[in-house]
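Just so you know, this note's numbering puts 678 at position 48 of the sequence shown, and the rest follows in order with no gaps. The beta carbon of each residue, even a glycine, is placed where N, CA and C say it ideally should be. Since this is a predicted model, take the numbers as computed values, not measurements.
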Amino acid sequence: MKINVIGENSVSVALACVWAEKATTISGGGKLYLKSNMQDCIHLQGAPVTIDNCSIYAEGNYGIMGVANESRQVVTVRDAYV
Numbered sequence: 631m632k633i634n635v636i637g638e639n640s641v642s643v644a645l646a647c648v649w650a651e652k653a654t655t656i657s658g659g660g661k662l663y664l665k666s667n668m669q670d671c672i673h674l675q676g677a678p679v680t681i682d683n684c685s686i687y688a689e690g691n692y693g694i695m696g697v698a699n700e701s702r703q704v705v706t707v708r709d710a711y712v
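This is the structure in structure tokens:
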């Protein structure tokens, strides 16, 4: 999955804002504001997430979280603010 962040964007939900079951890239040079009322903002469900050339502001129980003992869950941050 690819999320292209252009300009200022916001997502506000009760559960996870981004649920990554497959490799996910968030990029684009913009700002992404994530707010989860009850869970994490970016949830890794057995898949890697790359954050590249953008700014992410996360507000929730956890900013970025994955499943315990899952080696495929890797977060890569390149030229980004998280």
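DSSP puts residue i in a beta bridge; with which residues?
i           : result
residue 662 : 639, 686
What residue range does the beta strand (DSSP E) around residue i cover?
i           : result
residue 695 : 692-696
residue 632 : 632-634
residue 709 : Note, residue 709: premise wrong, no beta strand (DSSP E); not H, not E.
residue 644 : No beta strand (DSSP E) contains residue 644, which DSSP labels as neither H nor E.
residue 650 : 648-650
Around the Cβ of residue i, are there at least 16 other Cβ atoms within 10 angstroms (buried) or fewer (exposed)?
i           : result
residue 666 : buried
Per DSSP, what kind of secondary structure is residue i in: helix, strand or coil?
i           : result
residue 657 : strand
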